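Inspection log for the structure reproduced underneath, given as structure tokens.
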Amino acid sequence: MSSHERFTPQVIAAKSVERAVLVGIDRGRGWGVSESLAELTRLAETAGAEVVATLTQKMGAPDSRTFIGKGKLEEVAETARELGAALVVFDDELSPSQQANIENAVPETKIADRTGLILDIFALHATSREGKLQVELAQMEYLLPRLRGLWRHLDRFMGGGVMTRGPGESQLETDRRLARKRIGELKRELKHVAGERELQRKARARSGVFRVSLVGYTNAGKSTTLNALTDAGVLVADKLFATLDATTRTLELPDGRTVTLTDTVGFIHKLPHSLVEAFKSTLDEVRESDLLVHVVDGSHAQAFDQIAAVQEVLGDIGAADRPALVVFNKADEMDQDMRFQLLSRFPHAVVCSALTGEGLGELRDRVAAEAARQAITLTILVPYDRGDIVALAHGHAHIVSEEHVAEGTRLVVRAGVQAAGRLEPYAEHRRAQ
Ligand SMILES: Nc1nc2c(ncn2[C@@H]2O[C@H](COP(=O)(O)OP(=O)(O)OP(=O)(O)O)[C@@H](O)[C@H]2O)c(=O)[nH]1
Ligand SMILES: [Mg+2]
């Protein structure tokens, strides 16, 4: 095996603390640059780096060649040199060519971006086999188009020039081929590993039990909420992306009804697309949930921005249409004014503290009310010429089972009052849970 037969993803943060300079652009809209850089600081610290400076530049859109302007880039190089920073992190995903150009302009320094940092944290925090495979897949997808950048780096190290170009290019081809091969292997392995969880998920779907998923921004308190409601014993930590695996527990509600409650990976502003793709099967549970409990850190100054970021990811994964209940957590850290502001924007939200238990009774009641509202189970028999009714059931009800019989399609569905009313004419049985 040649020394390049194995391709290992680059690890941004080394074991020892690395000094880092952060760079962001102020677009004058959307998230404020200082808030975004404060979050990037937390990400950098979580990955094991120490932030020694942050630099910003005002511009409507990033420069297509170097992300920030040339002058600013020189300032970044100068700052990194003066402060002995080995790492410069940009607050947006850099294109492969931007990355290569910046590497040329800021020599002797590792150049990373928000995406690379998030991927690095995921790699540090992944514990299950599936989680590790998902993260490696996301890393490889991210690295594949950037392999050229790594090679340019090496070429320069070797002195560059005519003699190094040939072998460099062919080595690049080899690396690309190996990376693609690994991506294929990872996808196959993931399919295999996800099999068991898939089976459980499908069994839950068939059982018709009402399924609730906790979704929300990282560090909002999803795992703490699951633990408080079900004694699940899931890891809780004051760090970003503490838990990556999905955990499902049974939750008994005050009215005697039983539902399942799933805690899943947290979201973030500018969540890398490769991660969303790689975590697709973990996020299937969210997409298929009957109810999303959107946990928000109500004590955070960016609570509303974080809600918008979560809604964006929910849209990306095809879960935007799921019924959602907004929960403002960390009530123990809120003052009266904050509560008022949160509730005036989201009047139907629940305010609670998973830490002190305040408001958890109301949360249980509200979940029970949602489950009751959506809980009419119908067995319908739809003639084959009424494909529109089958489509209606798929679009607006939960399909418990579906079979094709001589007279048509027989479906067992669970639906809310409205959809149930429209499907009722085809009912064989009707049952309210
Ligand atoms: N003060 C206060 N802190 C809380 C509350 N709920 C959770 N926390 C803290 O917030 C931090 C994050 O909690 P987690 O439950 O790990 O958050 P998460 O949403 O699961 O985060 P990720 O798994 O990283 O996406 C921990 O330090 C918790 O102790 C609360 O109601 N009040
Ligand atoms: Mg968690």
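When you line the sequence shown up against the numbering used here, it's residues 117 to 549, in that order. The beta carbon of each residue, even a glycine, is placed where N, CA and C say it ideally should be. In this text, all values refer to a predicted model and were calculated from it rather than measured experimentally.
Asked	Found
Helix, strand or coil at R268 according to DSSP, with G and I counted as helix	Confidence at R268 is low in this model, with a pLDDT of 48, below 50, so its placement is unreliable and the value that follows should be read with caution. In this structure, R268 counts as helix in the three-state DSSP scheme.
Cβ-heavy atom distance, G247 to ligand 1, below 7 Å	no
Option nearest Q452 by Cα separation, candidates V467, T162, R145 and S211	V467
Where the beta strand (DSSP E) through I141 begins and ends	E134 to D142
Bridge partner(s) assigned by DSSP for L527	I496 and E518
Candidates A160, L494, I433 and D379, of which the one nearest L351 by Cα	D379
Three-pair Cβ contact test at 8 Å for the segment 307-322 versus the segment 337-350	no
Distance between H389 and V139 (C-alpha atoms, nearest Å)	21 Å
Burial state of G247 (16 or more Cβ within 10 Å)	buried
First and last residue of the uninterrupted beta strand (DSSP E) at F206	L203 to F206
Beta carbon of V137 nearer than 8 Å to that of T231	no
Candidates P541, A509, Y500 and G311, of which the one nearest V521 by Cα	Y500
Assigned exposure category for F456 - 16 Cβ within 10 Å defines buried	exposed
Inter-residue CB distance, M175 and I218 (contact presumed, cutoff 8 Å)	Not a contact, Cβ separation roughly 15 Å.
Sequence ranges, alpha helix (DSSP H) only - wholly within the segment 397-474, length at least 4	419-432 and 452-461
Residues bridged to R327 [DSSP beta-bridge criterion]	T376
Nearest residue (CA-CA) to F326, options E518, R461, R135 and P439	P439
Beta-ladder partner(s) of E368, from DSSP	T374
Alpha helix (DSSP H) segment containing Q250, residue limits	R245 to L259
Spatial neighbours of L497 in its chain, beta-carbon cut-off 7 Å, leaving aside the 5 residues before and after	E523, G524, R526, Y542 and E544
Touching by the beta-carbon criterion (3+ pairs, under 8 Å), the segment 228-242 and the segment 199-207	yes
Rounded straight-line distance, which links the Cα of R502 to that of F238	47 Å
D406 Cβ short of 7 Å to ligand 2 heavy atom set	no
Burial state of L430 (16 or more Cβ within 10 Å)	buried
Per-residue burial, T472 [other beta carbons within 10 Å of its own, 16 or more giving buried]	exposed
Same chain, Cβ closer than 8 Å to V533, five either side skipped, listed in chain order	R489 and I492
Beta carbon of V167 nearer than 8 Å to that of E161	yes
R480 versus F444: straight-line alpha-carbon distance, rounded	14 Å
C-alpha gap between E134 and V192, whole angstroms	16 Å
Closest residue to T364 among L377, L391, K188 and Y258 (Cα-Cα distance)	L377
Of the residues G164, A419, S397 and V412, the one placed nearest V331, counting alpha carbons only	V412
Proximity test, Cβ basis, 8 Å: T231 and chain C	Absent from the structure is chain C; it holds one protein chain and no more.
CB contact flag (F395, V375, <8 Å)	no
Reduced DSSP secondary structure (H/G/I, E/B, other) of T162	helix
Contacts around Q422, its chain only, beta-carbon distance under 6 Å, and the 5 residues preceding and following it disregarded	Y333
Element boundaries [beta strand (DSSP E), containing A509]	Unbroken run through A509 is the alpha helix (DSSP H), G503 to H512; no beta strand (DSSP E).
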